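Accompanying notes for the structure given below.
Number of protein chains: 2
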Amino acid sequence: MTRSMTMTNTPPTNVLSTRIADELRRAILSGELSPGERIRQEELAEQFGASRIPVREALRILVTDGLVNMVSNSGAWVSSLTQDECSEHYQIRERLEPLLLRYNLGALTDADIARAGELVELMKQAPDLETFMRYDREFHWITYSRVETNSLTDLIEKLWNTTQPYRRVFMKLVRSGGIEVTHLEHELLLEAIKRRDSDEAESILHGHIRRTRIELDRHPEVFAHEFDKSD
Amino acid sequence: MTRSMTMTNTPPTNVLSTRIADELRRAILSGELSPGERIRQEELAEQFGASRIPVREALRILVTDGLVNMVSNSGAWVSSLTQDECSEHYQIRERLEPLLLRYNLGALTDADIARAGELVELMKQAPDLETFMRYDREFHWITYSRVETNSLTDLIEKLWNTTQPYRRVFMKLVRSGGIEVTHLEHELLLEAIKRRDSDEAESILHGHIRRTRIELDRHPEVFAHEFDKSD
DNA sequence: AGAGTTGGCATTGGATACATTCATCGCATA
DNA sequence: TATGCGATGAATGTATCCAATGCCAACTCT
Numbered sequence: 072m073t074r075s076m077t078m079t080n081t082p083p084t085n086v087l088s089t090r091i092a093d094e095l096r097r098a099i100l101s102g103e104l105s106p107g108e109r110i111r112q113e114e115l116a117e118q119f120g121a122s123r124i125p126v127r128e129a130l131r132i133l134v135t136d137g138l139v140n141m142v143s144n145s146g147a148w149v150s151s152l153t154q155d156e157c158s159e160h161y162q163i164r165e166r167l168e169p170l171l172l173r174y175n176l177g178a179l180t181d182a183d184i185a186r187a188g189e190l191v192e193l194m195k196q197a198p199d200l201e202t203f204m205r206y207d208r209e210f211h212w213i214t215y216s217r218v219e220t221n222s223l224t225d226l227i228e229k230l231w232n233t234t235q236p237y238r239r240v241f242m243k244l245v246r247s248g249g250i251e252v253t254h255l256e257h258e259l260l261l262e263a264i265k266r267r268d269s270d271e272a273e274s275i276l277h278g279h280i281r282r283t284r285i286e287l288d289r290h291p292e293v294f295a296h297e298f299d300k301s302d
Numbered sequence: 072m073t074r075s076m077t078m079t080n081t082p083p084t085n086v087l088s089t090r091i092a093d094e095l096r097r098a099i100l101s102g103e104l105s106p107g108e109r110i111r112q113e114e115l116a117e118q119f120g121a122s123r124i125p126v127r128e129a130l131r132i133l134v135t136d137g138l139v140n141m142v143s144n145s146g147a148w149v150s151s152l153t154q155d156e157c158s159e160h161y162q163i164r165e166r167l168e169p170l171l172l173r174y175n176l177g178a179l180t181d182a183d184i185a186r187a188g189e190l191v192e193l194m195k196q197a198p199d200l201e202t203f204m205r206y207d208r209e210f211h212w213i214t215y216s217r218v219e220t221n222s223l224t225d226l227i228e229k230l231w232n233t234t235q236p237y238r239r240v241f242m243k244l245v246r247s248g249g250i251e252v253t254h255l256e257h258e259l260l261l262e263a264i265k266r267r268d269s270d271e272a273e274s275i276l277h278g279h280i281r282r283t284r285i286e287l288d289r290h291p292e293v294f295a296h297e298f299d300k301s302d
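Those protein sequences? They're chains A and B, same order as listed.
Numbers given in the working numbering equal positions in the first sequence, counted from 1, plus 71.
Numbers given in the working numbering equal positions in the second sequence, counted from 1, plus 71.
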């Protein structure tokens, strides 16, 4: 996984398949491609001026990321989640992200924490949804990515990515209501981190994710998209 | 993921790449291929009487499973874990398998539970290590696979698979000592399941995995294998 | 003699061309 | 009219061939 979330700009590889994969991932995460949308190999190949071979490899890379589903002799689609599956992803996050935070808590620098504090404020003043989501992502990710290695990090990045389209729709719906609670939770989390209080930080983070999941569970309309979902 | 663990024999697909992937996965899980071992595309292609294209796709499938690592313009290796990474995988399992068990607890049939009981006994009499590991896997998997769907199931299967080589070596080392505790834990777990006691079952399972992890942490020699590890 | 450079070889990455599969639609038939 | 069969076409799967990369050893130059 390219760890795009960590803001470590991976130097542009000259391997075509990974470049195509990177571009596709960006398109999916930005919402240009929607969950359930069909992906045609030949179309993509033409679009990139390449043959279908690197396109296929790119698709397989995205399968690894959980962003694409491929079915033999049938085709590839942007991954889509049912409401239950999305809820499941959130429950996994509830249990894993506090663990990852604990891993990192001792290693966070003062600069990390200062930046996290800035981001809490920036989120409050975010002019639009995309900006807010970018800040939110950076805020949490700062607290996750100090310790390097870590298949846990990759795993959680995948979970963020696969749920991102739904989070976007969801937040568009409930933009005004409940956002205050989110800011409060961020502040509490930041305070716990400053105190290096693992248990408290874990607890707040768990509740933060859990609350979002429960709200999301109340909005089935988020998952009523127009495309076939075949996964 | 082919869900091989669930004993649902996937009918042999006539798509070459998936057949090659299945065979490779089997070879890795059985120990015929060791962590860190180099995989040469051409060699494999010849071995299967195929071209390198489906071999490459097979390797990408195994990357998705976490069983293979690929590096651009360099090659592919059977995934290997450092001791820290393995410990990390176990910590993830500690948090996720209890959740999966909870998901399934209400749906388990009497036949499931009966079979689980048989397996507890069979494990006590297992003549060799491989047999024991197969029973152990089936025992836990029965309690995990009643509820279908579930990316959680796939995720946990991956974690079992990637740690399997080390579990094998580890159990070979400590075969005699501590196995009694394992049997006891299995019995307690089974009892909790019979009572449909989610909290207790979660707790026992958590401790079961945790105890194994801590023992594993005490045996660095398990991770001293002869191959290059480049992940 | 030692360090940097260059060439070749082994291996992976990609393009073209062909084979195969699957879904769809039309048509014949009960 | 409903059903089932078969042709058709669009998409994916695979083989073969060629290009590009990277490693390693031999060689040159100082």
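Every residue gets a Cβ at the ideal spot worked out from N, C-alpha and C, and that includes glycine.
Values in this document were obtained by computation on a predicted structure and should not be read as measured data.
Less than 9 Å between the C-beta atoms of residue i and residue j, yes or no?
i, j, result
"A/Q112", "A/V126", "yes"
"A/D136", "A/N232", "yes"
"A/A187", "A/I264", "yes"
"A/I124", "B/I124", "yes"
"B/V149", "B/I184", "no"
"A/E165", "A/R281", "yes"
"A/E168", "A/H254", "no"
"B/Q196", "B/D288", "no"
"A/R284", "A/Y161", "yes"
"B/E128", "A/E128", "yes"
Which residues does DSSP pair with residue i in a beta bridge?
i, result
"B/V139", "B/V149"
What did DSSP end up calling residue i once you bin it into helix, strand or coil?
i, result
"B/R109", "strand"
"A/S158", "helix"
"B/L95", "helix"
"B/S269", "helix"
"B/R205", "helix"
"B/L179", "coil"
"A/N85", "coil"
"B/Q118", "helix"
"A/T224", "helix"
"A/D288", "helix"
"B/T214", "coil"
"A/L100", "helix"
"B/E219", "coil"
"A/N232", "helix"
"A/R238", "helix"
"A/V126", "helix"
"B/L255", "helix"
"A/R246", "coil"
"B/P198", "coil"
"A/A295", "coil"
In whole angstroms, what separates the C-alpha of residue i from that of residue j?
i, j, result
"A/T214", "A/E286", "24 Å"
"A/D270", "A/N175", "13 Å"
"B/I132", "A/I132", "9 Å"
"A/F298", "A/R109", "For A/F298, the predicted structure reports a pLDDT of 46, less than 50, and the residue's modelled location is therefore unreliable. A value from the coordinates is still provided. Near 8 Å, if we compare the C-alpha coordinates of A/R109 and A/F298."
"B/G249", "B/E201", "17 Å"
"B/A182", "B/V218", "15 Å"
"A/E117", "A/D93", "17 Å"
"A/L115", "B/L95", "30 Å"
"A/S88", "B/G146", "15 Å"
"B/F119", "B/N85", "13 Å"
"B/L104", "A/L261", "46 Å"
"A/K229", "B/L193", "38 Å"
"A/E256", "A/S122", "49 Å"
"A/M141", "A/R266", "46 Å"
"A/P106", "B/K243", "46 Å"
"A/E251", "A/L130", "39 Å"
"A/C157", "A/S151", "9 Å"
"B/R90", "A/N144", "14 Å"
"B/E258", "B/T180", "18 Å"
"B/D268", "A/F294", "33 Å"
"A/R97", "B/E292", "42 Å"
"B/Q138", "A/V139", "Correcting the residue type first, residue 138 of chain B is Leu in the shown sequence and not Gln. B/L138 and A/V139: Cα-Cα distance of roughly 19 Å."
"A/I163", "B/R246", "33 Å"
With residue i and residue j assumed to form a contact (beta carbons below 8 Å), what rounded beta-carbon distance in angstroms separates them?
i, j, result
"A/L171", "A/T234", "The pair is not a contact, with the Cβ atoms about 16 Å apart (cut-off 8 Å)."
"B/R208", "B/E273", "20 Å between Cβ atoms; not a contact."
"A/H279", "A/F241", "Not confirmed; about 15 Å, so no contact."
"A/P236", "A/G102", "6 Å"
"B/L190", "B/F210", "4 Å"
Please indicate yes or no: does the CB of residue i lie closer than 8 Å to some heavy atom of the ligand ATP?
i, result
"A/A121", "The ligand ATP is not part of this structure, which contains no ligands at all."
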